[in-house]
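Worksheet: the structure to be examined is printed underneath.
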Amino acid sequence: MNSELFPPALATQEAKKKWFRFIISVTLVTTFISVMLVHSYTELRKLMHQETRLYLDFNTAVIKDSIADHLNAIEAIAHDLATDIKASTLEPDAIQKILENTGAIHDGFVAIGAAFEPYALDDRLRLFAPYIVHHEGGYRTERLDAWYDYFAQEADGRCVTNNWYQCAKQKEQGWLPLRFDEISNAWIVQFVQAIRVEEQLLGYVNVSLNIKDVDQLINKLDTGDEGYVIIFDRQKRQIYHSLHPNTRDANDIYFADVFPELNPDNLYDLPASEQMVIPNEVTQVPSFLDLALIVNTDWTIAVIIEREFFGHHELQTDVSPLASLLENNHHILTFMIVLTAICWTALGSSLVQDGFHGRVWWSALFITLTFVGGIVYIWVEQQVTDLDAIYGTEVITNKADLRTFVKDYSKNTLRSHKEPPIFVPTGVALQSMKMDSENNLKLTGYIWQRFMLANNYEIEKGVVFPESSETNIRLVYDEVANGYQTLGWAFETVIPEHFEYETYPFDKQLVWLRIWPKEYLEHVVLLPDLESYDNMNTSNRPGLEQDFSVGGWRVERSFFDIRENSFNSNMGIANRANKNQAPELHFNIAISRNFIDPFVSYLFPVIIVLLMLYAVLLTNSKDENRIGLIGFNALEVLASASALFFVALLAHVELRSHIGANELIYMEYFFIIAYIMILIVSVNSILFSWGFNITMIQYQDNNIPKLLYWPVLGGLLFFFTMFAFW
């Protein structure tokens with residue numbers, strides 16, 4: 038260590054040995070801790086991925102078995118129906134009666150019928166094809182031959198039109214491809230079973246499965262917010278997608294279009310350890326893919342679950358306390374890595390013998406860049422981190438979630454000897470959201486409710502926004518269809534914001550519309566009307582217009598959740614059913630701030646102030662040659678520091694007035710640190726110019742404060758950032 042370039046008090050051999058022993062000890066300790074943390078974090082990620090793989094494997098098996106069982110049940114119905122028809126008198130009225138009885142007894146299909154060869158039943162009856170369609174809780178009887186001539190159609194290789202009968206004649210029994218059936222107004226797959234009497238073909242029984250019923254089976258399981266299921270038929274044509282089950286593409290989509298890199302023929306029923314990793318089509322994040330084959334129909338089922346599924350759900354396996362700590366707070370690992378990098382920099386600087394002056398300056402630069410890298414990493418992590426922390430307790434993103442809530446709440450109501458709840462599906466579609474003032478939001482859109490006609494509940498229909506200070510709502514439609522009465526209202530409401538600004542300008546906020554039933558005396562519980570949305574994936578922002586935007590914010594997600602509220606009162610109504618457990622429906626919009634505007638408006642001026650402050654610090658010198666060039670004077674330093682202080686103060690005041698927050702926000706730490714640095718530079722200049730015998734101040738023409746300025750500034754910013762986002 039060169040004694041001319043380092044304070045004399047630290048230039049002795051003993052001091053150098055103590056310093057070296059200290060720095061190597063700290064370096065080894067921090068390195069050991071960092072390695073342990075990295076290892077624990079890596080093992081935690083592996084465990085998360087392993088549990089996701091096992092969960093995916095389980096879900097795929099359950100979905101496969103559920104669909105196969107449903108298909109087997111339909112096949113059994115078709116076999117029994119064919120047997121009953123063969124055993125009958127084969128008169129049209131008798132066949133019609135058999136079909137009606139079967140349609141009334143069984144469910145799980147959208148239509149059931151029988152179509153016969155020309156003149157097979159009566160020489161005067163060319164075609165006969167009774168068709169029973171399930172409709173609005175009952176069934177209606179149709180004659181398929183009255184809709185089209187099923188026998189005159191020509192068979193082709195696709196069999197996706199009304200030529201299904203000719204396609205059925207190519208086999209004794211089996212499943213036909215997906216097609217649209219105008220009679221039932223549904224996309225169907227049919228199972229056909231030949232009717233033969235003494236080896237003579239009379240016709241075919243057909244039982245039709247609405248592809249939407251597959252959606253009901255799949256939604257019994259939770260594939261996560263970003264998970265989805267795709268089904269391909271035997272031609273590897275996509276026939277179902279859980280993200281948009283109610284829509285069909287104009288052009289056929291094939292397996293090779295969705296998964297161009299995969300060959301499905303040798304990927305069925307993979308063990309959990311061999312599941313493929315593909316980009317999620319919604320978020321593009323890595324996701325696990327599992328494939329399964331349904332033998333009945335030769336359908337290929339593809340189940341996709343985000344690889345970080347258990348990053349958003351509670352792990353089923355116990356983890357170490359250290360891994361649990363890292364699971365809840367990644368910044369500990371960031372802090373230790375930054376600290377270890379700084380220790381290794383100091384150790385490396387101590388080991389090199391030559392060019393000490395250059396080494397310490399390069400070390401100061403590297404330490405500063407390390408702090409800056411840590412800050413930027415925390416910023417980026419904050420931007421990409423999911424919004425789980427601000428989600429409600431009962432987020433409803435699929436029918437499995439909804440079914441679980443309904444079942445649990447109904448059980449709790451029964452145990453409490455309360456009146457059974459009346460569940461009312463309620464939907465929201467927002468058109469706009471504006472910041473009406475500093476503390477209010479103005480929402481416009483539509484809200485609707487669906488009431489099952491068969492229940493005939495005598496309740497007041499409508500909704501209330503309990504947090505609204507001003508609401509205009511009007512009925513715009515009242516429609517009865519498919520066994521439901523649907524009422525829709527257009528509304529405009531002003532609600533208070535519930536924003537927390539501690540992490541501004543990297544804050545994520547949740548805007549919610551709190552919805553109560555208008556009926557207060559009865560036990561009415563509002564549920565999200567999932568049936569009215571094509572896709573409930575939160576990233577696709579259900580309930581928001583395609584061009585929905587909010588100035589200065591990015592709209593990340595939208596979702597429903599149900600929160601239980603306790604009033605500790607029955608509101609003066611003795612028999613009020615849910616006074617201590619009142620589930621409230623909330624429609625939520627998760628937004629994150631566009632940080633560019635606050636950065637340019639408020640943070641950029643602070644950075645300029647800190648740069649200019651360092652330029653002022655560099656003028657500190659007692660060297661006559663330098664004084665002649667830069668004219669160092671303590672009073673001028675104080676004057677410059679005062680000017681910079683007022684620049685920072687004005688920006689700070691403007692920030693506080695713009696945000697209107699009651700708490701200290703993250704960006705204010707930059708101003709506070711700027712004030713501290715201005716004070717330190719001012720005191721340093723006074724002590725230096727007055728000649729106080731302080732080695733750290735006077736050494737080498739005030740070089741130590743100049744050397745430490747950026748590392749100290751970077752360290753303060755890093756630790757305050759850690760504190761703000763901890």
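If you count by my numbering, then the sequence shown holds residues 38 to 763, one letter each, in order. We put the beta carbon where it would ideally sit given N, CA and C, even for glycine.
- Secondary structure of N243 (DSSP, three-state): strand.
- One alpha carbon belongs to G194, the other to A231, and they sit about 20 Å apart.
- Non-local beta-carbon contacts of F536 in its own chain, meaning distances under 7 Å to residues more than five positions away in sequence, involve Q546 in chain order.
- With 16 or more other Cβ atoms from the protein chains shown falling within 10 Å of its own Cβ, T334 counts as buried.
- Look at V226 here: in three-state DSSP terms it is strand.
- Every alpha helix (DSSP H) of 4 residues or more that sits fully in the region 144-185 is shown, in chain order, as 181-184.
- If you look at V251, you'll find it in the alpha helix (DSSP H) that goes 248-255.
- With contacts defined by Cβ atoms closer than 9 Å, E343 and V375 do not form a contacting pair.
- DSSP, read as helix, strand or coil, puts T450 in helix.
- When C-alpha distances from N493 are compared across F597, N477, V461, the shortest belongs to V461.
- Close CB contacts of Y446 within its chain, under the 8 Å cut and outside five residues either way in sequence, are with P458, V562, P620 (chain order).
- When DSSP states are grouped into helix, strand and coil, T407 belongs to the helix group.
- Between the alpha carbons of G264 and T320 lies a distance of about 10 Å.
- Membership of A518 in the beta strand (DSSP E) is indicated by the continuous run 507-518.
- Contact between W549 and Y483 is ruled out by a C-beta separation of about 17 Å, above the 8 Å threshold.
- If you draw a straight line from the Cα of F683 to the Cα of I702, it comes to about 20 Å.
- Remark: C-beta atoms of T481 and Q468 approach each other more closely than 9 Å.
- Between the C-alpha atoms of E495 and L558 there is a straight-line separation of about 11 Å.
- Listed in chain order, the non-local C-beta contacts of N247 below 8 Å within the same chain comprise F146, V147, S221, A223, W224, I225, local neighbours out to five positions each way being set aside.
- Contact between L681 and L650 holds, since their C-beta atoms are separated by about 6 Å, short of 8 Å.
- By the neighbour-count criterion, in which a residue is buried when 16 or more other Cβ atoms sit within 10 angstroms of its Cβ, N435 is buried.
- Within the same chain, and ignoring the five residues on either side of D473 in sequence, the residues whose Cβ sits closer than 7 Å to its Cβ are K479, V531.
- The bridge partners DSSP lists for K54 come to none.
- The closest CA to that of L622, considering only F636, P533, I552, is found on I552.
- Judged by DSSP in its simplified three-state form, M373 adopts helix.
- One Cα belongs to N96, the other to W381, and the distance between them is close to 48 Å.
- Bridge partners of H623 according to DSSP: R551, D598.
- Contact between I404 and I379 is confirmed by a C-beta separation of about 5 Å, below the 8 Å threshold.
- For S324, no alpha helix (DSSP H) run applies; the uninterrupted beta strand (DSSP E) run containing it begins and ends at 323-331, by DSSP.
- Sequence-distant Cβ neighbours of Q133 in its own chain, meaning closer than 8 Å and more than five residues away, are P167, T178.
- In this structure, the alpha-carbon of L118 lies about 16 Å from that of W212.
- Contact between Y176 and A141 holds: their C-beta atoms lie close to 7 Å from each other, under 8 Å.
- Among the bridge pairs identified by DSSP, N477 is matched with P533.
- Between the region 273-280 and the region 288-298, the count of Cβ pairs shorter than 8 Å is three or higher; the stretches touch.
- Per DSSP, the continuous beta strand (DSSP E) segment holding E343 begins and ends at 336-343.
- For T260, the secondary structure class from DSSP, reduced to helix, strand or coil, is coil.
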